[in-house]
Every structure is written in structure tokens, then in C-alpha cells.
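Worksheet: the structure to be examined is printed underneath.
Number of protein chains: 4
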Amino acid sequence: MTSPASSPDPSRAETIRIRAGFELHFELSQPTPMLFVVEPTDRPGQRILASRKRIVPDLPLAQHSSYLDPHGNTVWRLLAPAGRLEVSHDLLVEVPAHKDPVLPDLPKALVQDLPSPMLHYLLPSRYVDSDLLSAEAWQLFGHIQGGWAQAQAVCDHLQTRLQYGAGSTASTSAREAYQSGYAVCRDFAHAGVAFCRALNLPARYVCGYLPDIGVQPDYRPMDFHAWFEVWLDGAWRTFDARHNVPRVGRILIATGRDASDVAFNTAFGGSVLAHMKVWGDQTLDTELPPLAAGYPHTPTPEGLRLSAEWLQRD
Amino acid sequence: MTSPASSPDPSRAETIRIRAGFELHFELSQPTPMLFVVEPTDRPGQRILASRKRIVPDLPLAQHSSYLDPHGNTVWRLLAPAGRLEVSHDLLVEVPAHKDPVLPDLPKALVQDLPSPMLHYLLPSRYVDSDLLSAEAWQLFGHIQGGWAQAQAVCDHLQTRLQYGAGSTASTSAREAYQSGYAVCRDFAHAGVAFCRALNLPARYVCGYLPDIGVQPDYRPMDFHAWFEVWLDGAWRTFDARHNVPRVGRILIATGRDASDVAFNTAFGGSVLAHMKVWGDQTLDTELPPLAAGYPHTPTPEGLRLSAEWLQRD
Amino acid sequence: MTSPASSPDPSRAETIRIRAGFELHFELSQPTPMLFVVEPTDRPGQRILASRKRIVPDLPLAQHSSYLDPHGNTVWRLLAPAGRLEVSHDLLVEVPAHKDPVLPDLPKALVQDLPSPMLHYLLPSRYVDSDLLSAEAWQLFGHIQGGWAQAQAVCDHLQTRLQYGAGSTASTSAREAYQSGYAVCRDFAHAGVAFCRALNLPARYVCGYLPDIGVQPDYRPMDFHAWFEVWLDGAWRTFDARHNVPRVGRILIATGRDASDVAFNTAFGGSVLAHMKVWGDQTLDTELPPLAAGYPHTPTPEGLRLSAEWLQRD
Amino acid sequence: MTSPASSPDPSRAETIRIRAGFELHFELSQPTPMLFVVEPTDRPGQRILASRKRIVPDLPLAQHSSYLDPHGNTVWRLLAPAGRLEVSHDLLVEVPAHKDPVLPDLPKALVQDLPSPMLHYLLPSRYVDSDLLSAEAWQLFGHIQGGWAQAQAVCDHLQTRLQYGAGSTASTSAREAYQSGYAVCRDFAHAGVAFCRALNLPARYVCGYLPDIGVQPDYRPMDFHAWFEVWLDGAWRTFDARHNVPRVGRILIATGRDASDVAFNTAFGGSVLAHMKVWGDQTLDTELPPLAAGYPHTPTPEGLRLSAEWLQRD
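From first to last, the protein sequence lines are chains A, B, C and D. Okay, so the first sequence: first residue is 1 according to UniProt numbering, each after it adds one. Okay, so the second sequence: first residue is 1 according to UniProt numbering, each after it adds one. Okay, so the third sequence: first residue is 1 according to UniProt numbering, each after it adds one. Okay, so the fourth sequence: first residue is 1 according to UniProt numbering, each after it adds one.
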């Protein structure tokens with residue numbers, strides 16, 4: 001919370017607005033307790049201007065609650081009846097107009113100088129078997145000076161070493177994905193976190209929305225994204241081993257030690273995900289359009305136009 | 001989170017929807033840090049279906065953040081520039097269709113059997129000078145058996161003893177209001193909390209919205225309301241010494257030891273509240289109307305009709 | 001916190017006292033940040049009557065602090081200089097005279113009825129790859145009714161299936177140990193936790209002291225012990241797949257999702273554990289003997305006598 | 001946790017050891033729930049080397065527990081039987097050999113730059129009616145530049161304005177004590193906190209031990225002491241309006257918004273404090289002497305000698 005930068009350029013807005021959300025349909029063979037980690041909240045760098053949530057069928061109040069998990073994430077908790085369950089969320093969010101900061105000179109803190117709550121983020125976790133990648137981490141990156149430089153070298157290495165593509169399952173650990181040579185965004189993030197922790201850089205897993213702004217639109221259906229953060233010089237810093245270029249428009253949903261903490265959906269019982277739609281587009285709207293207008297399906301012309309504009313501006 | 005009641009009467013909905021919100025205008029003579037404790041979140045008994053927040057002028061992201069206070073309340077934190085500041089919030093909330101539960105047989109726990117986190121709610125606080133009302137509390141209510149009965153006797157006594165009306169200021173304590181004989185909802189709540197704590201009943205102050213549903217509409221402008229909760233038989237129970245009748249439609253914004261924890265607005269510097277509008281009406285809508293439709297001013301015909309219906313039903 | 005049982009038998013004490021502690025010597029080739037999770041605190045069922053801590057060489061205050069980790073465990077944090085480091089702790093602790101409770105009728109809660117903080121203990125973690133043991137868990141134990149019965153069946157199965165003995169390393173997961181057929185106490189605990197989580201029983205890993213009281217003394221050097229707890233009927237319940245018999249005298253040091261949370265020592269850098277002595281003996285003393293009297297090496301005659309007495313009594 | 005200062009003077013120890021503790025006897029006419037906030041724990045600047053706790057009569061485990069309050073203080077919770085209750089605590093604590101730091105140039109943060117958790121320490125509380133002292137605070141101290149300077153000016157003013165002496169009761173607020181002109185350490189601390197909060201300096205109340213080291217011994221019986229802390233330049237800084245000179249040897253027991261959070265004893269029922277002894281002396285011992293040696297009554301010759309030495313050194 002600091003004073004506004006002196007003499008801002010009035011011709012460039014400091015923030016943009018993004019409409020983001022999802023629609024999920026499940027088929028449940030029996031009443032099923034379910035958790036959803038999908039709700040972004042106000043954070044430094046993002047402001048929720050409007051939101052709406054819709055669950056069909058309508059559940060009694062006692063079968064739908066929210067709680068904060070140990071990482072401060074909002075978790076929705078449902079007892080869904082057998083049959084079809086539809087869950088949707090629609091948001092208008094304000095985020096910075098600038099790209100992820102690049103701060104290559106940030107130093108690496110000595111372990112003895114880290115705040116105590118950060119030590120937890122040096123330990124291995126379910127999908128981050130950093131203890132098993134320690135030797136390789138030091139061999140590959142141990143000679144690099146500087147905290148940012150080391151984390152960036154990890155991302156650069158993963159970009160070269162890992163090919164984007166399925167192969168992993170919900171049980172794949174960082175080391176397993178790394179050794180397989182194939183990775184989706186979740187695996188890129190796990191591997192990045194694992195190498196950083198092995199190097200004594202506190203690191204955590206992040207899930208959220210990453211719209212196609214300022215980049216060539218990806219015509220594959222949008223999905224939730226995963227990236228990671230490294231604690232450097234007193235703050236969490238964004239790294240994205242999957243894309244490995246600074247981006248604009250990230251909306252952070254949740255953070256945790258790894259994907260086991262922040263799976264967007266956990267079902268205690270058999271569930272089939274029958275339909276999934278995720279959206280995230282820059283918008284000039286100042287409020288959510290009425291539901292009757294439907295959810296966006298693909299990047300809207302407006303969104304594309306704005307993205308193109310943004311490309312030119314940058 | 002329990003199974004739905006067996007064989008519910010399909011002709012009676014279990015929940016109703018309420019549109020609630022506020023619009024506040026301030027005049028600030030200089031840049032002013034401000035806190036707002038105004039945002040309800042999902043809780044047992046309330047579900048936020050839609051929300052929108054609007055602040056004019058638009059603030060840089062760094063001058064507007066949110067945090068959770070030690071009581072788990074969401075606090076908005078602004079650095080407002082000099083001049084006019086407009087803050088508004090508009091919500092669609094689902095709450096139970098039934099009135100505040102009345103459970104006259106709930107027993108009183110011995111202090112030694114209270115969970116440790118509840119002991120904090122036996123201590124005096126800024127506006128709850130329960131230590132100074134202890135002798136009177138035991139004299140008036142010490143003979144009453146039962147936890148609910150004792151808390152209800154406190155409310156009944158305050159109804160008789162205190163006349164609704166201004167007189168208190170932002171500095172008035174429970175004892176001062178009690179001795180003056182005049183009280184607004186905040187004073188009723190402080191006095192109720194004070195007598196309960198003096199009697200070793202853990203009690204906390206609550207602020208929120210209380211729409212006119214199922215009661216004669218109050219044509220005075222609506223305001224935020226304050227009531228209190230007493231920890232009885234393992235849960236917080238609602239008491240409202242101001243109205244002292246069970247009500248439907250409460251939306252809980254925040255809880256704390258007293259009003260100093262949950263003032264809806266705290267300004268660090270001079271500020272003038274130039275305009276204040278608060279609304280809360282039952283609605284059949286399933287989403288918030290567009291902003292262009294404006295904020296509700298007085299109970300809408302729809303709201304009144306629903307209230308009347310509700311009255312007949314009850 | 002309840003009233004004492006009516007008419008206790010004055011001939012049987014309700015509690016016993018245990019002297020427990022450890023002495024660790026490390027050889028460090030360079031200044032090394034270290035964490036120790038070794039300090040028991042007051043909990044339901046244990047009361048620290050006296051304690052002393054000794055670190056040689058004496059460290060400046062700024063190089064030795066304590067903090068609470070996310071599970072509420074006390075963690076000592078050192079910056080140890082190069083050379084030899086000696087850390088010792090000596091405690092006098094009061095614990096119940098009775099054995100671990102056996103409550104075979106405790107039911108199993110439905111997931112939807114668990115308190116939200118317990119849901120975290122259903123997720124897999126670094127060494128508890130419960131997701132990979134799910135199929136086997138339901139095949140082996142899915143037919144068993146009752147929460148206690150299911151957890152006990154897990155312990156009985158592990159007793160039969162696993163042979164006590166080394167083979168595991170600091171990286172071995174529950175599934176790996178289970179498949180190897182060999183386990184030390186840490187692996188028994190991880191496997192117990194993993195099967196319980198797979199069965200939707202919230203379970204956590206526990207480390208502590210377990211003296212030889214009421215059992216044949218084990219003449220191998222004493223070590224820290226690991227067991228686990230299952231959340232049943234509103235409280236954490238003790239299970240010990242390694243011994244699988246109720247015991248008296250457990251002193252709980254720390255709890256966590258698995259051993260990665262509560263390793264008794266974590267060194268950020270190379271360290272050699274040159275010497276380790278752990279003790280835990282029943283005692284009639286009411287205070288710690290002077291340091292000059294030394295630390296106990298093997299079960300003292302007094303301890304053995306008391307243990308024997310206890311055996312007769314039981 | 002930083003590296004030791006380079007080239008320390010080996011002739012001056014960086015730390016000293018203090019033996020501190022208390023002995024309290026109560027007479028209870030009936031079984032009484034009691035809270036004690038008396039247990040110091042490891043903190044930056046203090047290290048508990050040894051401790052012992054003694055309660056007579058011996059209570060069943062279920063009638064004596066500990067918990068952490070919302071401020072992180074350890075609270076002992078007893079259900080004491082009718083009759084005499086003896087509670088004692090004896091500690092060996094390592095603290096810095098230097099006096100309270102004096103840092104007159106520390107600046108005052110703008111409210112908008114304070115970390116969110118600090119905002120809570122700007123609000124009034126039970127005995128800190130800072131809202132009622134606001135006008136006087138700004139009139140007296142508003143012109144002073146600098147955070148440390150402002151807090152120090154508050155202390156200097158209170159030294160002049162308030163005379164040490166009884167007059168206050170357990171219900172006396174900061175303003176009441178201030179207006180009376182008489183104050184004990186608790187009132188000095190409340191008044192200091194109140195003026196600082198009114199000036200937008202986050203401030204909290206502290207209770208602890210303050211031995212007579214480096215000062216003329218006070219031959220009145222020792223008691224617990226109260227002082228306060230102000231958040232300046234990223235850390236809590238010690239101020240003591242009662243003594244208003246830097247001291248060596250403070251052992252911090254607990255912190256809170258005011259004395260209602262950290263009363264050393266709270267009894268829920270009638271209790272008479274029949275005997276109270278508090279000690280705190282510098283010592284060369286490296287462990288607590290046996291209980292048979294008794295608790296120290298008055299400053300020991302050893303303690304006096306060390307104090308005298310310290311005086312010369314300083």
C-alpha cells in the first residue's frame with residue numbers, strides 16, 4: 001500500500017478488467033461430498049469487482065459451505081445429490097495492465113535469514129519430491145549466483161528439457177514428470193517448485209486463470225492454469241515454467257505446497273466430469289453481463305481486439 | 001453439513017434470497033487511510049450468490065486491498081484521495097426462510113467445560129465494561145437456571161429498561177448506555193454482551209443487515225444493524241436485545257468483541273459521511289439487476305409483497 | 001476439562017511421571033542452519049513439570065530461536081557454527097497411568113460430517129501416497145463397519161504384512177515400504193496413515209517418546225518413536241501399527257501430515273550425526289536431578305523396578 | 001537470525017542468565033476455574049534454558065491444561081478445588097547483556113504503510129480508551145516529528161505528569177489514571193499505549209519480569225511488571241513509561257491489547273490471593289538449583305554483586 005507513482009502517464013491505464021470463470025458439469029452416481037478450490041479473492045495485484053456463483057440443483061444451505069484452508073484459500077464444500085451437478089462461477093476482476101515483473105538482480109537469501117513461515121516451503125510434499133532431485137538441482141544450478149537467476153535458470157532448463165504434452169496422471173510427481181520428458185502445466189509447476197526447494201529457495205504452487213492477452217490466441221479450449229512462486233527479497237515472485245515469458249492478466253485462485261492442496265475439484269466418491277468450460281478475457285465492461293447473455297465460449301471479438309491492441313502497445 | 005431433513009414440505013422453500021447493500025459518500029479534506037468492515041462472506045446460514053463492489057474514483061491497485069482481521073472478518077483497506085469518495089456494495093444472498101431459532105432449554109456450560117477459544121469472549125473489551133456490571137448482572141439474573149434462559153432474561157430486561165433513542169456517541173460503553181436509559185442497536189448489543197459475559201456466558205458483538213421481512217416495514221431509512229451472539233451448547237446463538245423477537249433474513253457481516261473491532265468504517269483522518277443508503281429486501285431475482293437499474297431506495301413493491309406474503313405464511 | 005471421576009481408588013495414582021530427553025552430537029563442516037522438532041508441550045494427557053535445554057557451544061541469541069509451525073509444533077531453529085554441536089533436552093513429564101484407550105465401537109463419520117479442518121488430513125502428502133493405495137485399501141478394509149474397527153484392521157494387517165527392519169530410507173513412501181515388506185516405526189506410521197486416509201478416515205503422523213513401561217524392556221538403544229492418530233468421534237485417537245498393543249507413557253512431541261513435517265532434525269547443509277542418545281523412564285522424582293548426575297544411559301534400576309511393578313499391577 | 005557481529009569483544013559476554021519465577025497462594029471457597037498468563041517462552045531476545053512448574057494440590061490431568069490465546073501467549077487453565085492452591089514457576093532465562101535499545105531516529109510510518117496485522121493495535125480496547133485521549137494526544141505530541149521521538153515524548157510526559165502510587169483499581173482505564181495523576185506500572189503502560197494509538201502508532205501492552213540489574217535495588221517486594229511496545233520501523237520496540245530509563249534483564253511473559261488480555265491471574269469465582277512472591281535475579285548458575293534450596297526471597301548477595309558489577313561496567 002504505497003502512494004501512487006509520481007506523474008503517471010495518463011495515456012496508459014494502470015489496470016485492466018478481465019471476465020473469468022468456469023462451468024463444470026458432473027455426473028454423480030450417488031450423493032457425493034465435493035471440494036472446489038476455485039474462488040479468487042482480493043489480493044495484492046487483483047481486485048474482485050463482481051462475482052456470481054451458480055449451483056444446480058439448488059442445495060439446502062446445510063449442504064453447501066465455504067471454509068479457509070491452512071493456506072488461506074477459500075474452499076467450497078458441497079454434498080451433491082446423485083445425478084447431474086452443474087457448478088459455475090463468473091467474475092469481473094481488475095489486474096495490473098503490466099506484465100509479470102522481471103527482477104533479475106534479486107538476491108538469494110541465506111536459509112538462516114528466511115522468515116520462519118517460509119521454511120515450510122523448503123520441505124518436500126506429495127508431488128514435489130524435492131529430496132529426490134536435490135543432487136541434480138545442485139549439479140545443474142548450484143553454480144548460479146542470485147535467487148532470481150537461479151529460479152529463472154530452472155525455468156529455462158525445464159523449457160528445454162520437457163515437452164508439453166500429456167503423459168502425467170493425477171499421481172505423477174515432479175521427478176516422475178521430469179524423468180518422463182513430458183509435462184503439462186501442473187508438471188512444469190511441480191518440477192519448478194521441486195528444483196527451487198532443493199536449492200533452498202522457498203517455492204509454492206499456484207493455480208489460477210491465465211487469459212490469452214498479448215499473445216497469439218490459443219484455440220484449444222481454455223483450462224485452469226498452474227504456475228509457481230518463489231520467495232525472493234521479501235515477497236512471492238511469479239515464475240511460469242510452462243510459458244516462460246512474462247504475461248499479463250494472471251488471476252490467482254489459490255496457493256499451496258503442491259497440487260494436492262489446491263486441486264480445483266476433489267470428489268469423495270465416484271464422479272464423472274461431463275463438461276468443462278473455462279473462460280478468461282479482457283473486457284471493457286464495468287459489470288457482469290446478465291446471465292441470459294450466456295457464458296463466453298471462445299475469445300470474444302472484443303477480447304481479441306483488446307489483445308491485439310495490447311500487443312501493439314507493448 | 002447434514003443430510004437434508006427427511007420429507008421436506010415441497011410447498012415451502014427452505015431458503016429465500018435477499019438483495020442487500022449500501023452506498024456511502026465521504027468528503028475527505030486530504031488523502032485518508034480508511035477501513036471498511038462491510039463484506040459478508042459465506043457462513044453457515046448464508047450464501048453469497050452474487051456481489052459487486054464499486055469505488056469512485058477508481059483507485060490504483062496498491063491503494064486498495066483486503067485482509068482478514070483476527071476475528072476472520074474481511075476488511076477493505078483504502079488510501080482514499082482528497083475529495084469525494086463513493087463506496088458501494090450490492091449483494092444477492094441466500095438465507096434460511098425460517099426465523100431465528102428459539103431454543104429455551106439450552107443449558108449453561110460451566111466455565112471449566114468451555115472450549116479454550118471461548119474464554120476470550122468472557123473478558124471485558126472497549127465498549128463492553130462487563131467488569132463494572134458484574135454485581136448487577138448476578139443480582140438480576142444470577143438466580144436464573146439455563147444458558148438460553150439467562151441470555152433471554154437479559155434481553156427482556158434491556159427491552160424494559162432501555163428506551164430506543166439516540167444519546168450515545170461512538171465512545172459510549174455498555175454501562176454508560178445502560179445507566180443513561182437510552183440506547184440504539186449498538187448499545188443494546190453492547191449491554192447484552194456485557195451482562196452475558198458478566199454471567200460467564202461467552203458473548204460477541206455482531207453487525208449485519210436486517211431487512212424488514214415479516215414485520216411492519218420501518219419507513220425510516222434503513223441502516224446497518226447490530227445484535228449479539230451467545231455461545232450455548234456448542235454453537236453461537238442469535239440474540240437481538242433491540243428487537244427481541246425472532247426475525248428472518250439476517251445477513252451477518254462481521255463479529256468481534258465489540259463495536260471497536262467491527263466499525264463499518266474507520267477513517268484515519270478527518271472524513272465527513274455525506275450520504276448513506278443501506279438496503280436489504282427479499283427478492284425473487286436470481287441475479288443482481290444491471291447497475292443502470294440503480295440501487296433500491298425504499299422497500300420495493302416486490303419486497304413489500306413478499307414481506308406481506310411471508311407475514312401471512314408465518 | 002471435566003470433574004475428577006467420582007470416588008477414585010486412592011490406592012492407584014491417576015498419573016505417572018516420566019523423565020525423557022535426548023542428547024545429540026553433530027559434526028558440521030560449515031555453519032549450518034538446522035531445525036529441531038523435539039520439544040513436547042502441555043497437551044491434553046501430558047504436562048511438562050520441568051525442562052532444561054542445553055546447546056554447546058553457546059550460541060548468540062540471534063542464532064537460536066523458536067517458532068510454531070503450521071501444525072502448532074514448536075520448532076527450534078539454529079545457525080550452528082562449523083565443528084561439533086551438542087544439543088540436549090531433559091524433561092520431567094506427567095502422563096496418565098492408564099494405557100492407550102481402546103474404544104472399538106467408535107463409528108466412522110461420513111465425509112460430509114467431518115469438521116472442515118479435518119479434510120486436510122484426508123489428502124495425500126509427501127510420504128503418504130494414499131492416492132496410490134486407495135484401491136487396495138477399499139479391497140482389504142472397505143467391508144469393515146465402524147471407524148475404530150477399520151483403523152484397527154489396518155494396524156492388524158500391517159503387523160502381519162510388514163516385518164520390522166531397516167530397508168527404508170528418508171525418502172521411502174508408505175506405498176514403497178508397504179510393497180517392500182520391511183518397515184521401521186516411521187514406515188508403519190506412514191502406511192497406517194495412508195490406508196486410513198484412503199478410507200476417508202482423517203489421519204496424522206505423530207512423533208514422540210515411548211518408554212518401555214509395562215513391557216519387556218528392549219535392550220536396544222532407545223530412539224524417538226513414531227505412531228499415528230485417527231480422528232474418530234470428535235477427537236484424535238492413538239494407533240500404533242508398529243507395536244499394536246495399548247501402551248502407557250507416550251509423550252507426544254509433534255504431529256503433522258507425515259515425517260516431512262516433523263523430522264526431529266533438518267539440516268540445511270552437510271551434517272553428520274555423531275552421537276545420539278534418547279531416554280524415557282518412569283520416575284518417582286519430583287524434579288530433574290542436577291546435570292552433574294548425568295543423563296540416564298540405560299533403563300535405570302528404579303525405572304525397571306517401576307516397570308515391573310506396573311506389569312504386576314496391570 | 002543474523003550472523004554474529006564481527007569481532008565481538010571476548011571480554012564482554014553477549015548474554016546474561018536470570019533466575020525468575022513466582023509463588024502464589026490462593027484461598028478458594030469453592031472449586032474455581034482459573035487462568036494464569038505467566039509463562040514466558042522463547043522469543044527473539046530471550047531463551048528459556050530451564051523451567052519447572054509446581055501446583056499443589058496435584059490436579060488430575062483433565063483439570064489442568066494450557067492453550068495459546070489469540071495473541072500467542074501461553075495460558076494455563078486450571079479447575080482448582082476448594083481450599084488452598086499453591087502455584088509456582090521457576091525459570092532460568094538467557095537474555096541480552098545490553099540495555100533496551102535506544103533508537104531515536106526511527107521514523108513514523110504512515111497508516112497506509114503499516115502491515116495489516118498492525119492496524120488492530122491502533123484501535124481502543126478495554127483499558128486503553130485512546131479515542132477519549134485523541135484530542136489531548138495531538139495537542140501535546142502532534143507537532144513532534146518521528147515515531148521514536150513521539151513515543152519517547154509520551155513517556156517523558158507521563159513521567160512528569162503521573163506520580164507513582166496506588167489509586168487505580170482493576171477497572172481503571174488509561175484516561176482515568178491519567179486524569180487522577182496517580183499510576184502504577186499497569187497505568188503507566190495503559191496511558192503510554194493510549195497516547196501512542198491516538199497518534200496512529202501501533203502499540204501493545206506487555207507484562208513480564210524486570211529484575212533490579214544495573215540499578216539501585218528496590219527493597220520493596222518484587223512484583224510482575226508492565227511496560228509497552230510500539231511498532232516502529234518493522235519491529236516492536238520497548239518503552240517503559242514507569243521507569244523511563246533503558247534497562248537490562250526484561251523477561252517478556254505476554255503481550256496483548258491491554259491488561260484485560262494478559263492479567264496474570266483470572267479467577268471465575270471468589271478467590272483470595274493469600275501470598276505472592278516474585279523473583280528475578282541475575283545468576284551465574286547454569287541450571288536451576290534443587291527445589292530443596294527454596295525459592296529466592298530477596299536479591300541474593302550473588303545477584304547484588306553481579307548487579308553492582310554490571311553497574312560498574314556500564
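Note that beta-carbon positions come from the ideal geometry of N, C-alpha and C, so glycine has one too.
The Cβ of A/R126 sits closer than 8 Å to at least one Cβ of chain C. In this structure, D/C155 sits away from D/F224, with a CB-CB distance that is not shorter than 8 Å. Secondary structure of B/P96 (DSSP, three-state): strand.
Per DSSP, the unbroken beta strand (DSSP E) holding B/Q282 starts and ends at 271–283. The alpha-carbon of B/I16 is positioned some 13 Å away from that of B/R247. Between A/V37 and A/F264, the C-beta spacing is below 8 Å. Inclusion of C/P290 and D/P296 in the CB contact set at 8 Å is not warranted, their separation being larger than that value. Here the region 144–152 of chain B makes no contact with the region 116–129 of chain B; the two share fewer than three CB pairs at distances below 8 Å. Distance between D/L85 and C/W236, taken at the CA atoms: about 32 Å.
The region 62–147 of chain B is shown to contain whole alpha helix (DSSP H) runs of 4 or more residues at 116–119, 134–141, in chain order. A/R257 is outside the set of residues whose beta carbon lies under 8 Å from a beta carbon in chain B. Residue B/D281 holds the alpha-carbon nearest to the alpha-carbon of B/I213 among B/G167, B/E287, B/R257, B/D281.
The bridge partners DSSP lists for A/Y164 are A/A183.
The DSSP-derived three-state label of C/V56 is strand. Of the candidates C/H89, C/P107, C/P44, C/V230, C/V230 places its Cα closest to the Cα of C/L122.
Counting only the Cα atoms, B/A80 lies some 14 Å from B/S66. As DSSP reads the structure, D/G208 sits in a beta bridge with D/H225, D/L252. Between B/V193 and B/A177, the gap from beta carbon to beta carbon reaches 8 Å or more. Taking a cut-off of 8 Å for Cβ pairs, the region 17–26 of chain A and the region 258–274 of chain A touch, as three or more such pairs fall below it. Between D/E94 and D/R19, the C-beta spacing is not below 8 Å. If you look at A/A20, you'll find it in the beta strand (DSSP E) that goes 15–28. Around the Cβ of C/T169, a 10 Å sphere holds fewer than 16 other Cβ atoms; the residue is exposed.
In this structure, A/G146 lies away from A/L201, with their beta-carbon atoms at least 8 Å apart.
Judged by DSSP secondary structure, C/A235 falls within the beta strand (DSSP E) whose first and last residues are 235–239. Among the residues facing chain C, D/A50 is included, as its CB has a counterpart in that chain under 8 Å away. If you ignore the 5 residues before and after C/A137, its C-beta comes within less than 6 Å of the C-beta of F195, A198, L199, all in its own chain and listed in chain order. Along the region 13–24 of chain D, the positions whose C-beta sits under 8 Å from a C-beta of chain C are E14, T15, read in chain order.
Short of 8 Å from the beta carbon of C/G165, and not among the five residues preceding or following it, lie these beta carbons of its own chain, in chain order: Y182, A183, V184. With a cut-off of 8 Å on Cβ pairs, the region 249–260 of chain D is not in contact with the region 247–259 of chain C, counting fewer than three such pairs.
For the pair B/P124 and D/R126, the CB atoms are nearer than the 8 Å cut-off. The beta carbon of C/R242 is closer than 6 Å to those of C185, F188 in its chain, skipping five residues each way along the sequence. Sixteen is the threshold: when 16 or more other Cβ atoms of the shown chains lie within 10 Å of the Cβ of C/V278, as they do, the residue is buried.
DSSP, reduced to helix, strand and coil, places A/S260 within a helical segment of the structure shown. Contacts with chain B (Cβ-Cβ distance below 9 Å) from the region 180–200 of chain D involve N200, listed in chain order. Listed along the chain, the chain A residues whose CB falls inside 9 Å of the CB of C/L132 are S171. At a cut-off of 8 Å between beta-carbon atoms, D/H64 makes contact with chain C.
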